[in-house]
Amino acid sequence: MAASKPVEPQSGTGLPRWQLALLVGTPIVLGVGALYLWNRSRTNKDGKRTGERKTPEGSASPVQGQDAAAAVSMSPLDRAQAAKNKGNKYFKAGKYENAIQCYTEAIALCPAEQKTDLSTFYQNRAAAFEQLMKWTEVVQDCCEAVTMNPRYVKALFRRAKALEKLDNKKECLEDVTAVCILEAFQNQQSMLLADKVLKHLGKEKAKDKYKSREPMMPSPQFIKSYFSSFTDDIISQALQKGEKKDEDKDKEGEAAEVTESSAYLKAKQYMEEENYDKIISECTKEVDSGGRYTAEALLLRATFYLLIGNATSAQPDLDRVINMQDANVKLRANALIKRGSMYMQQQQPMLSTQDFDLAAEIDTRNPDVYHHRGQLKILLDQVDEAVGDFDECILLRPDSALAQAQKCFALYRQAYTGNNPSQVQTAMDGFEDVIRRFPKCAEGYALYAQALTDQQQFGKADEMYDKCIELEPDNATTYVHKGLLQLQWKQDLDLGLELIGKAIEIDNKCDFAYETMGTIEVQRGNLDRAIDMFHKAINLAKSEMEMAHLYSLCDAAYAQTEVARKYGLKPPTL
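Note that numbering that gives the first Met the number 0 gives residue 344 to position 345 of the sequence shown, counting from 1, and the numbers run on in steps of one.
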């Protein structure tokens, strides 16, 4: 699709990406565009502790068969335990106020030096308060319990849940992070709470930040790569094929317009010169003057608004072009593709699908429509329909190497996730055919490399990435993929980081490189550097959704720093 960074389908592991910043996973590939993630799975397949932690600790039965004299002779601790046991009985019966009275008595009777028992009594009283939804009291009692027993999982998790109810997401995240580490990421209940809180925090922060962010033009390499995904697009043809000099444009009907000082044609000239910062202003001049190229200028301006992450400004321009019944149908179809991609980035798949379907209806022989809709279908896990769209694109444009490579990748993912070895091999043979017929298609080698990595054919995958670099030496993303391959293949951390560093050197606006570097630094235990990398990626995010995801990673890393400071807890590092 035309989205600057594809929306990812759900991974096969079922683990959310925030766990990358909490040390969970093996390198996997997620969807088209193929972001590799370093993810070390610690799921216990023999059984997950997923039950609710609702009950108090200790026997539910009070001490039996003792007369009053014997009770008087009991030690303070025994009397406290008896009160706790009585409280447990009331708790089981749903008499929470009575249970609280008993736990309060146990706390009062317990000697101060018996910290483990005291922490249990406070935690049990917190459990009773929780049933009465007295969240402040829950937090207070859990704080007492954790002060006496800093690694008390039940108290930490109960406090985390209460803090969430009190809308204290930051401290909730710290507590649930500690729980995840103490439980070695084995308990689904705590993992789900962490995921929920991180998503909420990420969305809240991204919503505020994205409104006030300074628009940032991507790197020239990114922009050229974006436009190269279109083959039947009027506004990008000059960028792809190179505009002719003014005196050579008679056949295209543009020479006369140049003499009229068309702002749109000037904007296209800036595109050829890679002087992208001036394009929006020139297009605005064309639109404001009502010039001959108003529709083209609106579409070009909308495209660059999308590239700088300003979907709010892009949409009105796209809407205008789509509704121009007398405009070139290819302009309208291209606007629908871009608006559909924008909707997908905004996680509105129904609106996205409607735009792509309308584009196919008004411009039935436009290969771009089928190519980009095919990518949408992959993201929606509609692989058969995706393959059909890629086939239609190839029929209309047989020399579309990109569509042929992505069709192979779609077939491969379907076979791989369906655990069908024969179809996997068929897809791999298809990749071989694509790179044989289109030896200059870097994307073909890149997608093949991802499939080879899945199959643990690391040496050959490395060769494919070398081919990509040979064809596109300025493609920073390829260096990131190759760096991650070294980590998975040879566990060569130094070489992996060197390659990712090279990606940043080539393109200091490559958010994927900063995100990946941050993820690796988390796993190395370098949390401050990881947070710095995530913040750099946040400042480069091209959509609010991307930004929310990056904030989740950053918040997860920051929570680890707080947990390490408070409790001395750190996950294993590389």
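We treat Cβ as the ideally placed atom computed from N, Cα and C, and that holds for glycine. This structure is a prediction, so every number in the text was calculated from the model and none was measured.
Considering only L108, P348, Y342, the residue with the shortest C-alpha distance to L76 is L108. In the DSSP assignment, N84 falls within the unbroken alpha helix (DSSP H) covering 75 to 91.
DSSP places P397 outside both helix and strand once states are collapsed to three, so it counts as coil.
Of all alpha-carbon atoms in V328, F437, L496, the one lying nearest the alpha-carbon of Q403 is that of F437.
At a Cβ-Cβ threshold of 8 Å, V433 and A409 do not count as neighbours.
Annotated three-state conformation of I307 is coil, per DSSP.
Within the region 381 to 438, the complete alpha helix (DSSP H) segments of 4 residues or longer fall at 382 to 395, 400 to 416, 420 to 436, listed in chain order.
Contact between A125 and A105 is ruled out by a C-beta separation of about 13 Å, above the 8 Å threshold. Burial state of D493 is exposed, judged by a 10 Å Cβ sphere holding fewer than 16 other Cβ atoms.
Each of V423, K133, R331 was checked against the Cα of Q454, and the nearest Cα belongs to V423.
Of the candidates N123, S227, E504, N167, the residue whose Cα lies closest to the Cα of S399 is S227. Straight-line spacing of the CA atoms in L379 and K198 works out to 21 Å. A distance below 8 Å separates the beta carbons of G201 and A547. A332 is a Cβ neighbour of I361, given a cutoff of 8 Å. Within the region 275 to 345, the complete alpha helix (DSSP H) runs of at least 4 residues fall at 278 to 288, 293 to 306, 310 to 321, 328 to 344. In the displayed model, P348 falls within a helix according to three-state DSSP. In this structure, A144 sits near A154, with a CB-CB distance shorter than 8 Å. Looking at V521, Q139, I499, the one whose alpha-carbon comes closest to that of F511 is I499. One thing to note: A177 has its Cβ no nearer than 8 Å to the Cβ of E129.
Proximity to E471 across T515, S288, F229, S224 peaks at S224, based on C-alpha coordinates.
Within the same chain, and ignoring the five residues on either side of E273 in sequence, the residues whose Cβ sits closer than 7 Å to its Cβ are P219. Annotation: A448 to M427 spans about 10 Å, alpha carbon to alpha carbon. The DSSP assignment places 114 to 130, 134 to 147, 152 to 164, 168 to 181 as complete runs of the alpha helix (DSSP H) inside the region 114 to 195, in order along the chain (cut-off: 4 residues).
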